[in-house]
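Chemist: Have a look at this one.
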Amino acid sequence: MVFMSPDERVFRDHLERPDFKIGELKKRWRLVSVTWPSAIFYVSSRDGFEFGFRFECGNYPSSPVTARLWDIGNDTPLSELDWPQGGGRVAATFRSDWENGRALYLPCDFVAVQKHPPNWPLKHPSQVWKPAKGIVHYLEIVHDILYSHDYIPSAQPAA
Amino acid sequence: MHVTAFVKSESNHVEQILIGDKDNAKKVLEAVADKFGIHDTEELQLFREDDDWPISSQNIVKLEDAEDAIILHLSRCRHIKVVIHYQATTFQHDFGPGVTISKITKWVTDKGLELSKEEAAEHVLQFTASVDQPAPDEHIGSLASCPDCTIEFDLVRKLLVQG
Chain E
0 MVFMSPDERV
10 FRDHLERPDF
20 KIGELKKRWR
30 LVSVTWPSAI
40 FYVSSRDGFE
50 FGFRFECGNY
60 PSSPVTARLW
70 DIGNDTPLSE
80 LDWPQGGGRV
90 AATFRSDWEN
100 GRALYLPCDF
110 VAVQKHPPNW
120 PLKHPSQVWK
130 PAKGIVHYLE
140 IVHDILYSHD
150 YIPSAQPAA
Chain Z
0 MHVTAFVKSE
10 SNHVEQILIG
20 DKDNAKKVLE
30 AVADKFGIHD
40 TEELQLFRED
50 DDWPISSQNI
60 VKLEDAEDAI
70 ILHLSRCRHI
80 KVVIHYQATT
90 FQHDFGPGVT
100 ISKITKWVTD
110 KGLELSKEEA
120 AEHVLQFTAS
130 VDQPAPDEHI
140 GSLASCPDCT
150 IEFDLVRKLL
160 VQG
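Protein chains in written order, with numbering that gives the first Met the number 0: chain E, 0 to 158; chain Z, 0 to 162.
What follows is the structure, encoded as structure tokens:
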């Protein structure tokens, strides 16, 4: 029997939920792998390109997850040269000048929450971590940003 | 051939069922109601996502569904009255309960608001007198309660995360 911690069990349950599968069906994201407490996903952008993300999900879902851009082929952080380009919400989310780019600048991100006063997420209620919705909410937010007109389409061919 | 159907309910609960290509609407409706634990199916209707009218065809599965799953909505409401406030203007329209928030947002931003395509895409629906915003994939019929079948939103700009 494979031992699975309670947080991993809840996480894997969330991956089986219809709301996660509907996101996959609509080609918004797709799961690559889970090596607990890490999980790798692709999230698609407005031009059909897919960006890799590595999530750290310990103590899920009572604690928020944290994510960073990830080079899935080489299993390393994504080179800054290959980060999503754009202004507005894209520039505000994917910040190499903050925490060395180790997390997304989002109110639902564990690292971002830790680095701000407690009331910071409350200024952005729609992006506060929601344990009941979990990883799907985070993926929805990232996809919405990559699908926005703030995103400048990549010169690379779509995956 | 079988197709996976994700079925959302009035209470925003989602169930997953398999539909055969020979299954008619009545059979699928009964299977879905059973999955949701609903015994009285008399007023229930099934809608395809983003359609304004209930499914009336004999067979629910269409040829174009062959490689995909489909998304349905189970509801007692035929239509949801949606009221949207933007600045000093109010818009109103009846949508099928399976219509998504993203389609309704697109509908209202196409109403001559003098927003560029890029600006329109940066707007989102927010429940009136609230700071909560429904997700783009949510069905309007999962947000409005029967028998009122009415819901009000404000159209607001998406916030830039700062601080």
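Backbone N, C-alpha and C define an ideal beta-carbon position, used for all residues, glycine too.
1) Around the Cβ of L154 of chain Z, are there at least 16 other Cβ atoms within 10 angstroms (buried) or fewer (exposed)?
2) Kindly indicate if chain Z contains any beta-carbon less than 8 Å away from that of I21 of chain E.
3) For T28 of chain Z, which residues from the same chain have a beta carbon less than 7 Å from its beta carbon, with the 5 sequence-adjacent residues on both sides left out?
4) Does the CB of Q113 of chain E have a neighbour CB from chain Z at under 8 Å?
5) So, is the C-beta of E98 of chain E closer than 8 Å to a C-beta in chain Z?
6) Quick one: complete alpha helix (DSSP H) runs, 4+ long, within the segment 14–100 of chain E?
7) Kindly indicate which three-state DSSP category K80 of chain Z falls into: helix, strand or coil?
8) Applying the criterion that 16 or more other CB atoms from any shown protein chain within 10 Å of the CB defines a buried residue, is A157 of chain E buried or exposed?
9) Using the Cα positions of K132 of chain E and M0 of chain Z, report the straight-line distance between them to the nearest angstrom.
10) Please classify Q161 of chain Z: is it buried, with 16 or more other beta-carbons within 10 angstroms of its beta-carbon, or exposed?
11) Would T65 of chain E count as contacting chain Z if we go by Cβ distances under 8 Å?
12) Just the C-alpha distance for I140 of chain E and L124 of chain Z, rounded to the nearest angstrom, thanks.
13) Mind pulling the chain E residues with CB within less than 8 Å of L159 of chain Z?
14) So, for S8 of chain Z: in the same chain, excluding its five sequence neighbours on each side, which residues have a beta-carbon less than 8 Å away from its beta-carbon?
15) Whose C-beta lies closer than 6 Å to the C-beta of S129 of chain Z among residues of the same chain, with five residues either side of it excluded?
16) Would you call the segment 92–104 of chain Z and the segment 48–57 of chain Z touching, i.e. three or more CB-CB distances under 8 Å?
17) Contact between the segment 143–152 of chain E and the segment 78–97 of chain E: three or more CB pairs below 8 Å?
18) Based on Cα-Cα distance, which residue from Z:L158, Z:E117 and Z:S144 lies nearest to V127 of chain E?
19) At which residues does the beta strand (DSSP E) containing L124 of chain Z begin and terminate?
Modeler: Inspection of the coordinates gives the following:
1) Taking the first residue of the second sequence as position 1, residue 154 of chain Z is located at position 155. It counts as buried.
2) Within the first sequence, residue 21 of chain E is the residue found at index 22, counting from 1. Judged by the 8 Å Cβ criterion, I21 of chain E is in contact with chain Z.
3) Position 29 of the second sequence holds residue 28 of chain Z. With the sequence shown as reference, residue 28 of chain Z is identified as Leu, and Thr is not the correct amino acid for it. Hits under 7 Å: T40, L43 and L45.
4) Here residue 113 of chain E corresponds to residue number 114 of the first sequence, with the count starting at 1. Not an interface residue.
5) Taking the first residue of the first sequence as position 1, residue 98 of chain E is located at position 99. False, the Cβ-Cβ gap to chain Z never drops below 8 Å.
6) 17–24 and 87–92
7) Residue mapping note: residue 80 of chain Z aligns to position 81 of the second sequence, counting from 1. Reduced to three states, the DSSP call for K80 of chain Z is strand.
8) Position 158 of the first sequence holds residue 157 of chain E. With a pLDDT of only 47 at A157 of chain E, under the threshold of 50, the placement of this residue in the model should not be trusted, and no figure is reported.
9) Your numbering for residue 132 of chain E matches position 133 in the first sequence. Your numbering for residue 0 of chain Z matches position 1 in the second sequence. K132 of chain E and M0 of chain Z: Cα-Cα distance of roughly 32 Å.
10) Taking the first residue of the second sequence as position 1, residue 161 of chain Z is located at position 162. The residue in question, Q161 of chain Z, is exposed, as its Cβ has fewer than 16 Cβ neighbours within 10 Å.
11) For this step, residue 65 of chain E is matched to residue 66 along the first sequence. Put simply, the CB of T65 of chain E is far from chain Z, with every gap to its CB atoms at 8 Å or more.
12) Along the first sequence, one-based indexing puts residue 140 of chain E at 141. Along the second sequence, one-based indexing puts residue 124 of chain Z at 125. Roughly 15 Å separates the two Cα atoms.
13) As a position in the second sequence, residue 159 of chain Z is number 160, starting the count at 1. Correct list: G87, R88 and A91.
14) Working through the second sequence from its first residue, we reach residue 8 of chain Z at position 9. Closer than 8 Å at the Cβ level, and outside the excluded window around S8 of chain Z, lie E14, F35, H72, L73, S74 and S141.
15) Position 130 of the second sequence holds residue 129 of chain Z. Closer than 6 Å at Cβ, skipping near neighbours: no residue.
16) yes
17) Because the criterion of three Cβ pairs below 8 Å is met, the segment 143–152 of chain E and the segment 78–97 of chain E touch.
18) Here residue 127 of chain E refers to the residue found at position 128 of the first sequence. Among Z:L158, Z:E117 and Z:S144, the Cα nearest to that of V127 of chain E is on Z:L158.
19) Locating residue 124 of chain Z in the second sequence gives position 125, counting from the first residue. It spans H122 to F126 - the beta strand (DSSP E) in which L124 of chain Z sits, taken as one unbroken run.
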